[in-house]
Amino acid sequence: MSKSPTHDSTFTIDGVGAVNRLGFGAMRITGPGIWGEPADREVARSVLRRAVELGVDFIDTADSYGPDVSEQIIGEALAPYADGVKIATKAGLVRTGPDEWWPLGRREYLQQQVEMSRRYLRTDVLDLLQLHRIDGRTPREEQFETLAQLREDGKVRAIGLSQVSVADIEEAQQYVPVVTVQNRYNLVDRSSADVLDYCTEHGIGFIPWAPVDAGDLTAPDGPVGSAAKRYDATPAQVALAWLLQTSPVMLPIPGTGSVAHLEENMAAADLTLDADTVAELDAAA
């Protein structure tokens, strides 16, 4: 594995600060279906602590993970937060059961969830609040105005959006600066390529969810599987290294409930793919 990354290892999120580009997603420290308690709460806490030991200073969560469970465990494990550790959370999806997610962007609901997130994360100010989904049943201006007011009130430092289009970003920017976008993006799903290009052009952090999904490309004779053999790496490490080399604003947040799996994923920060391999992966989807 190459130990000489050619890409910048950090990115500065406006209003939040500089973070290491390979972060941690805290969705998987909950129960099955992202519902309820993990099998072992102390194991979940140990994963978070180990992530920080490995240099992770950007952790992504949401009030709907559990719901509340992920934020609670982060607060238990890491608060008070080490200097430089930033926590991003999301509000705007309600849960009615395992694997069930429903947008809700009413002003009173978003305000309530910010108060709950501050309590569970044990912090006076949220580093980054992301609107988990734009609610089609609530006026969009109400949602964006609420985000702007929460920032103005000093309860959050910065605002992001999740699963949005370029037009959505530009509309929201009329109300509040949008400093991050969290859309699904990986080797086999590049449907948000235009959003990534926009974020790259405007210096907006792009947080790809499901970052290690590579589908059939991980087959032994597939491009990811072949690259993994050449670099003595795992397919997940190859997928993450490709993301990091795709754009300087890319902030992958692979998640896991296992310390061993966490350590494997974090090693991707030290993997640099050569130009031919990147071109092969670029063409693979």
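So that you can map any letter, position 89 of the sequence shown is 89 in the UniProt record's numbering, and since no number is skipped, the others follow by simple counting.
Note that CB positions come from ideal geometry on N, CA and C, so glycine has one too.
W209 counts as buried, since at least 16 other C-beta atoms from the protein chains shown sit within 10 angstroms of its C-beta. Rounded to whole angstroms, the gap between the alpha carbons of Y81 and A172 is 30 Å. Per DSSP, the beta-bridge partners of S162 are Q182. Each of G92, R50, P103, V178 was checked against the Cα of H261, and the nearest Cα belongs to R50. Taking 8 Å as the cut-off, the beta carbon of Y120 is found closer than this to the beta carbon of Q72. As DSSP reads the structure, F206 sits in a beta bridge with V181, M250. Around the Cβ of V43, a 10 Å sphere holds fewer than 16 other Cβ atoms; the residue is exposed. Per DSSP, Q130 is one residue of the beta strand (DSSP E) stretching across 128-131. Using a Cβ distance threshold of 8 Å, F11 and L251 count as a contacting pair.
In the DSSP assignment, the residues bridged to F11 are V19. Taking a contact as a CB-CB distance under 8 Å, the pair K155 and R118 counts as one, their CB atoms being some 7 Å apart. In the DSSP assignment, F144 forms no beta bridge with any residue.
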